[in-house]
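Presented below is the structure to which this report refers.
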Amino acid sequence: MTDRLIKATTALAVVTVAAVAALISYSHALDLVRSHGETGLTARLVPFTVDGLIWAASMVILDAHRHHRPVPALARWSLTSGICATIGANLAHGAAHGPIGALVSAWPALALVGSFELLMILTRNAPSPSPPAPGERTGAHRSEPACTEMEQTPEQAVLNEYRASLNGPGRPLSQRYLADKHGIDRRRVKQIITGENSAER
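Sequential numbering from 21 applies to the sequence shown in my numbering.
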């Protein structure tokens, strides 16, 4: 539950920052494009090509990571180019106001790129279910004996559970698993199982 809350709040913060930064960055890029000769629909669409390139390259990189494939060189190049273009456009927009103005103007682009990449990292690093330990894999889904451990000694519980595992799918329960579960020395578990096997012969 805690992990889900962290992911949800982080994703919400990233999306919020990215949305605000995208609007400001788009406005800066649009002003720059218009001041260099483009007008109308063309001027409004050019900034989208930069952010669209960043999105497409990031999705390709994410897909490669999720399927454990090498990241295409074109995706890396496109992502780098898109980041340089959006930051450069915002820097140029504020350059008339000096170095501080250029940095202030570039900040939304930096926030947009940083937020988007953080979201990609969060998605790439999503934990996968860890496989059970070898001793647990053989007995994780086995039915428990009819008698509860409160009604029998640990030795009887070990014996009953071991007998039940012989009739189930897979291998019998391991001595280590039984010793850890019932708090009995592993040598004692071995004696119990050995005695059971000898009696069956």
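Ideal Cβ positions, reconstructed from N, Cα and C, are used throughout, including at glycine.
For the alpha helix (DSSP H) containing residue i, list its first residue and its last residue.
| i | result |
| --- | --- |
| Gly-203 | Premise fails: Gly-203 is in no alpha helix (DSSP H) and is neither H nor E. |
| Leu-94 | 93–114 |
| Glu-175 | 174–186 |
| Gly-57 | Unbroken run through Gly-57: none, as it is neither H nor E. |
When the Cα of residue i is compared with those of the options, which residue comes out closest?
| i | options | result |
| --- | --- | --- |
| Val-34 | His-85, Pro-92, Ala-95 and Met-140 | Met-140 |
| Asn-110 | Ile-44, Leu-193 and Arg-206 | Ile-44 |
| Ala-31 | Phe-136, Pro-174, Glu-181 and Ala-184 | Phe-136 |
| Leu-25 | Lys-201, Thr-100, Leu-142 and Leu-193 | Leu-142 |
| Phe-68 | Ser-47, His-117, Arg-208 and His-88 | Ser-47 |
| Ala-41 | Tyr-182, Lys-210, Leu-186 and Ala-129 | Ala-129 |
| Cys-104 | Leu-50, Leu-94, Arg-208 and Val-70 | Val-70 |
Going straight from the alpha carbon of residue i to that of residue j, what length do you get?
| i | j | result |
| --- | --- | --- |
| Leu-179 | Ile-204 | 12 Å |
| Thr-225 | Met-79 | Because residue 225 is not part of the residues shown, which for the chain are 21 to 221, the question remains open. |
| Leu-193 | Leu-82 | 41 Å |
| Ile-212 | Arg-196 | 13 Å |
| Thr-89 | His-117 | Rather than Thr, the amino acid found at residue 89 in this sequence is Arg. Distance between the alpha carbons of Arg-89 and His-117: 45 Å. |
| Leu-198 | Asn-187 | 16 Å |
| Asp-51 | Gly-114 | 11 Å |
Can the beta-carbon of residue i be found less than 9 Å from the beta-carbon of residue j?
| i | j | result |
| --- | --- | --- |
| Ala-131 | Ala-63 | no |
| Ile-107 | Val-133 | yes |
| Gly-57 | Ile-74 | no |
Is residue i close to chain D? Criterion is C-beta to C-beta, closer than 9 Å.
| i | result |
| --- | --- |
| Ala-177 | Checking the listed chains, one finds no chain D in this structure; it contains a single protein chain. |
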